[in-house]
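Asks:
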Amino acid sequence: MDQAHWEHFQHQADVGVRGIGTSMAEAFEQAALALTAVVTDPRRVQPRQAVELDCRAPDPELLLVDWLNGLIYEMATRRLLFSRFRVDLRGETLQGTAWGEPLDPRRHRPAVEVKGATYTELAVRQRDDGCWVAQCVVDV
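Under this note's numbering, the first residue of the sequence shown is numbered 932, with each subsequent residue one higher.
(1) On the DSSP bridge assignment, give the partners of VAL982 in chain order.
(2) Take VAL996 and list the residues in its own chain whose beta-carbon comes closer than 7 Å to its own, dropping the five residues that flank it on each side.
(3) In this structure, what does DSSP give as the bridge partners for ILE951?
(4) For GLU1032, which residues in the same chain have their Cβ closer than 7 Å to its Cβ, ignoring the five residues on either side in sequence?
(5) Tell me the rounded alpha-carbon separation between GLY1022 and GLY952.
(6) Helix, strand or coil, according to DSSP, for LEU1020 in the structure here?
(7) Looking only at C-alpha atoms, which of ALA962, MET955, ALA956 sits nearest to SER1014?
(8) Tell me which same chain residues have a C-beta within less than 8 Å of the C-beta of VAL970, skipping the five on either side of it?
(9) Report the partner residues of ASP1057 according to the DSSP bridge assignment.
(10) Would a C-beta distance cut-off of 8 Å place ALA958 and TRP1030 closer than the cut-off?
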């Protein structure tokens, strides 16, 4: 099985974020890390402050969009960046924690501002090798 990781994929003027993990929850965590990586190098962000997020949706795909949009909201309103995530999935609910710190433009050097997670190329699925993939395109 592949080790958990994240990646980006191109989509016209926007950016695709993809998380891969040994569980659906781990794939959601990696997708969140990919979201941070759209803005800055996650290694520059210290996990100093925890923010709790609760989401509810009727299927995993919509739950992924709610999770990422919740993180985008917290990034925008609290002016935070995140580098560590924990997700607990139970049916239609997600309880998550994101750890990060206030944005420091000189140190973090943000590239873009993410406006929102979209339904474009939205997928949450288990591959033949057992790994989970969680992806969508984010509007920048």
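Backbone N, C-alpha and C fix where the C-beta goes; we use that ideal spot for every residue, glycine too.
Replies: Looking at the atomic coordinates:
(1) ALA1029
(2) ALA1048, TYR1050, LEU1053, CYS1067
(3) HIS936, VAL1064
(4) VAL976, GLN977, ARG979, GLN980, LEU1011, LEU1012
(5) 18 Å
(6) strand
(7) ALA962
(8) MET1006, LEU1012, HIS1039, PRO1041, ALA1042, VAL1043, GLU1044, VAL1045
(9) At residue 1057 the sequence reads Gln, which differs from the Asp that was named. According to DSSP, which records beta bridges pairwise, GLN1057 is partnered with TRP1063.
(10) no
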